[in-house]
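Asks: Sharing a structure below in C-alpha cells format, with a few things to ask.
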Amino acid sequence: MGVRSLGGSIYEMSLNPSPSFVVIVWLTGFVKLLGGFFLLMLLVRWKKTFMNRLLYYTVKTCGALLFLYGFLNFVTILLHAFHILEFNLDSYATFWRLIFWEPYWMMGGIFYFFSVKSFWNKTGMSTKGSN
Numbered sequence: 001m002g003v004r005s006l007g008g009s010i011y012e013m014s015l016n017p018s019p020s021f022v023v024i025v026w027l028t029g030f031v032k033l034l035g036g037f038f039l040l041m042l043l044v045r046w047k048k049t050f051m052n053r054l055l056y057y058t059v060k061t062c063g064a065l066l067f068l069y070g071f072l073n074f075v076t077i078l079l080h081a082f083h084i085l086e087f088n089l090d091s092y093a094t095f096w097r098l099i100f101w102e103p104y105w106m107m108g109g110i111f112y113f114f115s116v117k118s119f120w121n122k123t124g125m126s127t128k129g130s131n
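Under my numbering, think of the first position of the sequence shown as 1, with each following residue one higher.
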C-alpha cells in the first residue's frame, strides 16, 4: 500500500522530500506518540480531580476531532470520486483513502472517544460533576 495510497502532493513530496517535509513527518509522528501517551495516562489512578477531568475532556475532544478529520476527508474524497470536486488523486489513492485511511481515522476517533468511559467509571466521578 505505502505512501502511494495517500496520493496527490504528499506522494510527490515523499519521492524527493525537502527538509521541511521531513520535519512535518517527524512532527506528525510525535503527535501520534502524544496521543498514545494520553491513553497510557488513563491507566494511572490520579488522586487529583483536576487531572482526571483534564484527561477526560482532552481525550474526548481529541477523539471527536480525529473522527471529524476522517469524516471530512472521507466526504471530500467521495465527492472527488463522483467528479464533483477535483483533486490530484489517482484512482489507486482514491480507492485506498475511501476503503482504508479515512475509515481508519474515523474508527480511531470513535475508539479514542469511548476509551475514557472505563477511566471515568474507575475514578468514581459522575458526569454531573458531584466530585
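The C-beta atom is built at its ideal place from N, Cα and C for all residues, glycine as well.
Only a predicted model underlies this, so the values are computations on that prediction, with no experimental measurement involved.
Since ALA93 contacts GLY8 with CB under 8 Å, what's their CB separation in whole angstroms?
Replies: Here residue 93 is taken as the residue at index 93 of the sequence shown, counted from 1. Here residue 8 is taken as the residue at index 8 of the sequence shown, counted from 1. Yes, they are in contact, since the Cβ atoms of ALA93 and GLY8 sit about 7 Å apart, within 8 Å.
Asks: Is VAL116 near VAL59, with beta carbons less than 8 Å apart?
Replies: Indexing the sequence shown from 1 puts residue 116 at position 116. Indexing the sequence shown from 1 puts residue 59 at position 59. The answer is yes: Cβ separation under 8 Å.
Asks: Comparing alpha-carbon positions, which option in TYR57, TRP96, PHE95, LEU68 lies nearest PHE119?
Replies: Position 119 of the sequence shown, counted from the first residue, corresponds to residue 119. When each option's Cα is compared against that of PHE119, the closest is TYR57.
Asks: Is the beta carbon of PHE37 sitting closer than 8 Å to the one on CYS62?
Replies: Walking along the sequence shown from the start, residue 37 turns up at place 37. Walking along the sequence shown from the start, residue 62 turns up at place 62. Contact flag unset, no.
Asks: Report yes or no: do the stretch 101–108 and the stretch 66–81 share at least 3 C-beta pairs separated by less than 8 Å?
Replies: Contact between the stretch 101–108 and the stretch 66–81 is present, because at least three Cβ pairs lie under 8 Å.
Asks: Just verifying my parser: in three-state terms, what is the DSSP assignment at PHE82?
Replies: Position 82 of the sequence shown, counted from the start, is the residue given in the question as residue 82. The answer is coil: DSSP assigns PHE82 none of H, G, I, E or B.
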